[in-house]
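S.K.: Numbering (my numbering), first residue to last: 1 to 409. Glycine included, C-beta positions come from ideal geometry on N, C-alpha and C. Predicted, not measured: the structure shown is a model, and the values here were computed from it.
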Amino acid sequence: MRKHRMRLGAVVLAIALVVAGCGRGYDSEIEQLPGPATLRLLVGSGTTAEARVLHEQTREWAERTGNEVEIVRAAELDQQLGQAFAGGTPPDLFYLAPGAFARFAGNGSLHPYGDGLRNAAALYPNLEEIFTRDGQLYCAPKDFSTLALLIDTDAWREAGLTDADIPRDWDQLAQVAQRLTTPERKGLVLDDSADRVGAFMKQAGGWHVDEKGMPTIDSPQNLRALRYLQSLLQSGSTAFSSAVDAGWAGEALGEGTAAMVIEGTWVSGALASDYPDRRWRAVELPAGPAGKATLSFTNCWGIPMRTPYRQQAQDLVDFLMAREQQEQVAREVGVIPANQEALPALTEGRPEMEGFAAGAAYAQGEVTTKGWDSVEKDFDSRLLGLASGDDPAKILREVQRNAEQTLKG
C-alpha cells in the first residue's frame, strides 16, 4: 500500500463536492432494508494480490449470506467518492484514507459503526485512534504498513557487517551508513517527503500536530530531527532518492544505488516483481533521543449514513476483519493485519518482514486534520533543500506559518 501523493486538483474537487453534498439531506434518515442486498464496494487500485484476495473473500461472504458484492475500482478514489456523495448515491462500503476521514466524519456522512465490530477488541489501539472522532470509532482499519529499515544483505555482508551491527540508535545508523557507502552506492536512501522524515521527528519526540490537530512543526524536537538528517546528507553517506536517479527509495535498493532504505511493506512486492535477485531484510528503525518510533499507513472501511444496507455492510466488514481473513491478507498481500491476532501470519516463513511487524503496536498514524494535505505538500517541497544546506530552523518556521494559516479553520 505505497502512499502516493494525490494530485491537488482531485483533492480540491473532492472536498468541494462533499461540502456541497452536506446540505442536501444528509441529516435525513434512510430506511434500512433487510436484503438480500447487492453491496457496491468502492476501492482503490491496489495490487494484483490485493484485488484477488478481496474478490475471493467477498465472494465467500456473499455465498454464506445470500447477498452480492459489486467491486468498483477507482482510479481517483477521493474524487469518485466525493462525486458519489454529492450525487446522493454513495457506495455501500468504501476505502477511506486518513487524509479524507475528517472531511467525511465531520459532515455526518459516515455511519460510526466501529464500536459494534465483533473483533473490535483485537484491533491495534494506535490504528483505532486514527479513525476515532469525539470518542467514537467510525470505521475499521482494514490493514496497514509501517516503515522499517530495509537492508541489502549482500552489501551488508560485503562490508563485513553482522547482526551485531544492526543499528539500534541514531549514532549507530550514521556509522553503519558510512561503512556501507561506496563510490557507486549510498549507505542510506530515503524519499524527501514528510511521511518518511516524520519518522525521525517522532524519534526525537516531535510530530506535525498535537492531540487537537494543531500544528507543532516548529519545535525543538523537530529541529533536532532535521539537523540530524541534514548531518547524514552532508556526510555523503545518505541521499534522497532523486539524488541517485531513483523514483523512490525502493527502486534505489533494487538498482543497487542504496544499501539501506526507509520504506514500507509495499516494497516487498515491488522488489519481488522488478528485482527478484535482490536479497534484503527489514529491521526496526533505529531509536532516536525519545525512543523507538515509526509511521503507519492505512485505510479504513467506510460505511455511509445514506445507504439502506448499513447492517449488511457492517456484517461484511466483520467478516473481512476476522482472524482467518486477516491472516490471508497478511500472507498473500504482504501487509500487516489490523487484527492483532493475525500478525504471526505476516512473518511465518518470511523473516525478512519482521522489521515491519516489530513496529506495528507503536507506529504513529497519519495526520487526519482537515487541510493537512496542502501543508504536507508545502513541507515536502522544502525538504530537498536540506541536502543543499538550507537552514532546518527556517524550513520549520515557514511550514509552521503556512500550517497555522491553513489549519486555523
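Mind checking His55: buried by the 16 CB within 10 Å criterion, or exposed?
M.R.: When all chains shown are included, His55 counts as exposed.
S.K.: Do Ala102 and Cys300 count as a contact pair if the criterion is CB distance below 8 Å?
M.R.: Not a contact, by the Cβ cut-off of 8 Å.
S.K.: Could you tell me which whole alpha helix (DSSP H) segments of length 4 or greater appear in the stretch 229-264?
M.R.: Listed in chain order, they are 249-255.
S.K.: Distance, Cα to Cα, Ala249 vs Thr265?
M.R.: Spanning the two alpha carbons is a distance of roughly 13 Å.
S.K.: In the DSSP assignment, what residue or residues form a beta bridge with Ile336?
M.R.: For Ile336, which the question treats as bridged, DSSP gives the partners Phe144.
S.K.: Are the stretch 71-84 and the stretch 342-361 in contact at 8 Å, needing three or more beta carbon pairs?
M.R.: No, the stretch 71-84 is not in contact with the stretch 342-361.
S.K.: Enumerate in chain order the residues of its own chain whose CB-to-CB distance from Ala270 is below 7 Å, with the five nearest sequence positions on each side excluded.
M.R.: The residues are Gly250.
S.K.: Quick one: complete beta strand (DSSP E) runs, 3+ long, within the stretch 94-158?
M.R.: Runs of the beta strand (DSSP E) inside the stretch 94-158: 140-146 and 148-152.
S.K.: State yes or no: is the C-beta of Ala338 within less than 8 Å of the C-beta of Leu41?
M.R.: In this structure, Leu41 does not lie closer than 8 Å to Ala338 by Cβ.
S.K.: Output needed for Pro392: all residues of its chain with C-beta closer than 7 Å, excluding positions within five of it in sequence on either side, in chain order.
M.R.: These residues qualify, in order along the chain: Leu223, Leu226, Arg227, Gln230 and Leu386.
S.K.: Does DSSP classify Asp390 as helix, strand or coil?
M.R.: Of the three classes helix, strand and coil, the one that applies to Asp390 here is coil, per DSSP.
S.K.: Determine the DSSP secondary structure at Thr48, reduced to helix, strand or coil.
M.R.: Residue state, collapsed to three classes: helix.
S.K.: Counting Cβ pairs, one atom from each stretch, are 3 or more of them under 8 Å apart for the stretch 312-327 and the stretch 113-122?
M.R.: Result yes; three or more Cβ-Cβ pairs closer than 8 Å.
S.K.: Should Thr132 go down as buried or exposed, given a rule of 16 or more other Cβ atoms within 10 Å for buried?
M.R.: Label assigned to Thr132: buried.
S.K.: Suppose you measure from the CA of Thr146 to the CA of Ala363; what does that come to, to the nearest Å?
M.R.: Cα-Cα distance, rounded: 7 Å.
S.K.: Evaluate Met201 with the Cβ neighbour count: other Cβ atoms within 10 Å of its Cβ, from every protein chain shown; 16 or more gives buried, anything less gives exposed.
M.R.: So Met201 counts as buried.
S.K.: If we ignore side chains and look at the alpha-carbon of each, how far apart do Asp92 and Arg179 end up?
M.R.: Asp92 and Arg179: Cα-Cα distance of roughly 53 Å.
S.K.: Please identify the residue among Ala358, Ser374, Gln328 and Arg397 whose C-alpha is closest to the C-alpha of Glu50.
M.R.: Nearest C-alpha to Glu50: Gln328.
S.K.: Check each candidate in Ser193, Val399, Ser374 and Ile130 and name the one with the smallest Cα separation from Phe240.
M.R.: Nearest C-alpha to Phe240: Ser193.
S.K.: Let me know the secondary structure DSSP gives Gly385 once reduced to three states.
M.R.: Helix, per DSSP.
S.K.: Just to confirm, is the Cβ distance from Ser237 to Thr294 under 8 Å?
M.R.: Cβ distance not < 8 Å, so Ser237 and Thr294 don't count as in contact.
S.K.: Mind pulling the alpha helix (DSSP H) runs of 4 or more residues that sit fully within the stretch 54-98?
M.R.: Listed in chain order, they are 77-86.
S.K.: In whole angstroms, what is the alpha-carbon distance linking Ser45 and Val72?
M.R.: Between Ser45 and Val72, the C-alpha separation is close to 9 Å.
S.K.: Closest by CA to Trp372, which one among Phe356, Lys408 and Arg397?
M.R.: Looking at the Cα atoms, Lys408 is the closest of the given residues.
S.K.: Under 8 Å, do Gly355 and Ser268 count as touching if we go by C-beta distance?
M.R.: No; because the gap between Cβ atoms is not below 8 Å, this pair is not in contact.
S.K.: Kindly confirm or deny that the stretch 164-180 and the stretch 275-287 touch, where touching means at least three C-beta pairs closer than 8 Å.
M.R.: Result yes; three or more Cβ-Cβ pairs closer than 8 Å.
S.K.: Counting only the same chain and skipping the five closest in sequence on each side, list residues whose C-beta sits under 6 Å from that of Thr58.
M.R.: Answer for Thr58: Val69, listed in chain order.
S.K.: Counting C-beta neighbours from all protein chains within 10 Å, is the total for Met214 16 or more, i.e. buried, or is it exposed?
M.R.: Under this definition Met214 is an exposed residue.
S.K.: At what residue ranges does the stretch 320-372 contain a whole run of the alpha helix (DSSP H), taking only runs of 4 or more?
M.R.: Complete alpha helix (DSSP H) runs here, min 4: 323-333, 344-347 and 354-358.
S.K.: Tell me Gly288's beta-bridge partners as DSSP assigns them.
M.R.: Paired residues: Gly291.
S.K.: Three or more C-beta pairs under 8 Å: does that hold for the stretch 149-162 against the stretch 254-263?
M.R.: The stretch 149-162, when compared against the stretch 254-263, does touch it at the 8 Å Cβ threshold.
S.K.: The beta strand (DSSP E) with Arg40 in it runs from where to where?
M.R.: It spans Thr38 to Val43 - the beta strand (DSSP E) in which Arg40 sits, taken as one unbroken run.
S.K.: Cβ atoms of Gly187 and Ala199: under 8 Å apart, would you say?
M.R.: Taking 8 Å as the Cβ cut-off, Ala199 and Gly187 do not qualify as a contacting pair.
S.K.: The alpha helix (DSSP H) spanning Trp266 covers which residue range?
M.R.: Trp266 to Asp274 is the extent of the alpha helix (DSSP H) around Trp266.
S.K.: Which same chain residues, not among the five before or five after Glu418, have their C-beta less than 6 Å away from its C-beta?
M.R.: Nothing can be reported for residue 418, as the shown portion of the chain is limited to 1 through 409.
S.K.: Cα-Cα, which of Ser374, Pro344, Thr369 and Val367 is closest to Ala360?
M.R.: When only C-alpha atoms are compared, the closest one is Pro344.
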